[in-house]
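S.K.: Numbering (the numbering used here), first residue to last: 1 to 136.
1. Pairs of beta-carbons, one from the region 43-60 and one from the region 106-117, closer than 8 Å: are there three or more?
2. State the DSSP-derived secondary structure class of residue 79, mapped to helix, strand or coil.
3. On a CA-only basis, which of 96, 35, 78 is nearest residue 155? Give me that one, please.
4. Within the same chain, show all residues whose beta-carbon is closer than 7 Å to that of residue 104, passing over the 5 residues directly before and after it, in chain order.
5. For residue 92, would you say it is in contact with chain C, using Cβ-to-Cβ distances shorter than 8 Å as the test?
6. Hey, could you find the ends of the alpha helix (DSSP H) residue 123 is sitting in?
So, in structure tokens, the structure goes:
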């Protein structure tokens with residue numbers, strides 16, 4: 001098989017699975033339930049939703065920036081985009097398997113930025129200790 005075919009499959013299989021799951025979940029909802037859901041959406045106030053989206057995005061960006069700060073002091077200079085992507089993968093992974101995101105975040109950044117896994121894991125542990133101290 002060619003690389004382009006395998007690459008296309010890597011993109012199309014998750015996309016197809018997502019479309020199927022959305023279709024399946026919508027097909028199991030009755031018309032009355034759809035109407036009720038739509039009325040809830042119409043009644044929602046957009047300003048608090050937008051504010052929460054902005055603060056959520058800022059929390060991810062600030063976490064990526066904090067991680068970049070820690071890695072810079074170790075002599076590594078990863079791109080901010082890759083760090084942000086790794087942080088987002090962290091949160092996505094935690095939705096499926098709790099507490100698995102930190103290990104996956106380090107794995108992603110070590111693959112993309114050639115940072116040793118042990119150094120990345122050390123910075124993540126440092127972040128967690130700092131978070132714990134700040135909560136006290």
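Cβ coordinates follow ideal geometry from the N, Cα and C atoms, glycine included.
Source: prediction; values computed, not measured.
M.R.: Quick answer:
1. no
2. Residue state, collapsed to three classes: coil.
3. This structure does not reach residue 155, given that the chain is present from 1 up to 136, and the question cannot be answered.
4. 89, 90, 93
5. Of the chains in the structure shown, none is chain C; there is only one protein chain.
6. First-last of the alpha helix (DSSP H) with residue 123: 117-135.
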